[in-house]
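Enquirer: Once you've had a glance at the structure underneath, I'll fire off some questions.
In this note's numbering, the protein residues as written are 86 to 200.
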């Protein structure tokens, strides 16, 4: 598992995918600090690492799946994770219901994953 604070090449994301699932990388994005954890087996593990090592808060962490082979396509980012179930913060699904938060996640991922 890695914490990404600075841009990494798409090729490294593909290598991370091969280490665990082959074609996808689980990631948790902290939208306040604009960092993300990648490469864990579960989104929950990545969220814990961000909380413990980077002092992230649950309110600002969101789970996504990244599909390296689909970079540039709508399907590159999949908003689906159990860590996104946050009724106390207004999110009642495994997705990310707030469009502004989705856009922020897309912007962070675009900045951190470069071709």
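Glycine included, each C-beta is placed from N, C-alpha and C at the ideal position.
(1) Count the other CB atoms, across all protein chains shown, that sit within 10 Å of the CB of residue 121; report buried if there are 16 or more and exposed otherwise.
(2) Enumerate, from N- to C-terminal direction, the unbroken beta strand (DSSP E) stretches of 3 or more residues contained entirely within the stretch 145-171.
(3) What first and last residue would you give for the alpha helix (DSSP H) that runs through residue 105?
(4) Please list the terminal residues of the continuous alpha helix (DSSP H) segment that includes residue 116.
(5) I believe residue 184 touches residue 164 by the beta-carbon criterion, under 8 Å. Please report the beta-carbon distance rounded to the nearest angstrom.
Expert: So, from the listed chains and residues:
(1) buried
(2) 146-151
(3) 95-105
(4) Neither: residue 116 is in no alpha helix (DSSP H) and is coded neither H nor E.
(5) So it is not a contact: roughly 11 Å between Cβ atoms.
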